[in-house]
Structure formats: structure tokens, C-alpha cells
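In the working numbering, the protein residues as written are 11 to 178.
Presented below is the structure to which this report refers.
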Amino acid sequence: MRERINNQIRASEVRVISNEGVNLGILSFKDAFAMANEQGFDLIEITPNANPPIVKIANFGKYQYEQNKKLKKARAGAKSTETKSIQIKIGTGENDLALKARKASEWLKEGHRIKVELFLSGRSKYMADAFLRERLDRVLHLITENYKVAEDYRKGPKGPTITIEKDK
């Protein structure tokens, strides 16, 4: 019989859960340990910070297997998203804008965030904000996917930027 006990259990009383998931109530640690030994199972600490700590009478190997299975399922369900970037200039032509907007639509469909940057050089950094926003809006109007603005217009070191993401 394997004896697996977390060394951090210092409480004299613990809440015990049986192998079937039935709450057996609050018992002394020694009684809970003896009950686990009688049944041929291990005493596993589930929630150490609860008052009193919660322990479960179960097979430790099976418990570990189930926890790993839950963790893998959670990881598989999570999608990784990254922030893609599209950079345009003031004089970018309509066809180039349409091409960049099409790529942005594909990225939005995949669930990525998109940062649209208006790259300014030289004196163009000092142009009117309304004009620069209009230039950024030209790209946004060409995007076919539904989106929402994640971060509004912001002045960056290269020029104004806006971040969009897929609208649920």
C-alpha cells in the first residue's frame, strides 16, 4: 500500500470526501488517514487553503491521471491569439489598401487582434489629427469582417494607431 500524504497538512481536523464524491464530514486527520488505509486508498489534499482543509480518499495515480486529462482538455480548447500589424502610409493607393484590408479580414476571421498603424515620416507627423484619422479610417471601411475597436486612436512614435478585434 502506497502512503501518499502532502506534508503540508498540519491541521488537526480535515473535511473528508470519499472515493465516490460523498462528503463524509469533518474528521480528525488521524481518523481520515486510518479510513483511507482501511479502504486501500490514499489521502489526497484537494484544497489546502480552505478552513478546514479538504482531503479526498482516492487512488493517487488515478487522481493525477484525471487532473492531467482536465488540464489537456482546457489547453486544447484555448486558442492562442496574437496581435497582427498592418502598416500604411499617407500616400498608400486604393488597391494596396484593399489588399491589406483583405488580409486583415482573414486575420479577424481567425480570431487575431489587428493593430493598424499609419506610418508618418518627416513633416507629415505634424499634420492635422482629423486628416490622419481619415487616412486610418480608409482601411477600416474596407474590412469585410465584423470588428470592434479594442484600443481607440492613439498617437505612437511612428504615427497614430488603432487596434481592432473580432466582434463576437
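Just so it is clear, CB atoms sit at the ideal spot from N, CA and C, and this is done for glycine as well.
- I64 and K83 have their C-alpha atoms spaced approximately 25 Å apart.
- Between K72 and E23, the alpha-carbon positions lie close to 25 Å from each other.
- Annotation: I54 to A60 spans about 14 Å, alpha carbon to alpha carbon.
- K40 and E76 have their alpha carbons spaced roughly 26 Å apart.
- 8 Å or more divides the Cβ of T91 from the Cβ of S115.
- Taking a C-beta distance under 8 Å as the contact criterion, I56 and V26 do not qualify as a contact pair.
- In this structure, E175 lies near A160, with their beta-carbon atoms less than 8 Å apart.
- Collapsing the DSSP output to three states places S115 in a helix.
- The shortest C-alpha to C-alpha distance from R133 to any of E48, G169, N33 is the one to G169.
- Of the candidates I172, F51, A46, M137, the residue whose Cα lies closest to the Cα of V126 is I172.
- In this structure, N29 sits away from F43, with a CB-CB distance that is not shorter than 8 Å.
- Around the beta carbon of K110, 16 or more other beta carbons lie within 10 angstroms, which makes this residue buried.
- Apart from sequence neighbours up to five positions away, the residues of its chain that approach A108 with a beta-carbon distance below 7 Å are L152, ordered along the chain.
- By DSSP's assignment, N33 forms a beta bridge with I27.
- Under DSSP, Q97 shares a beta bridge with E127.
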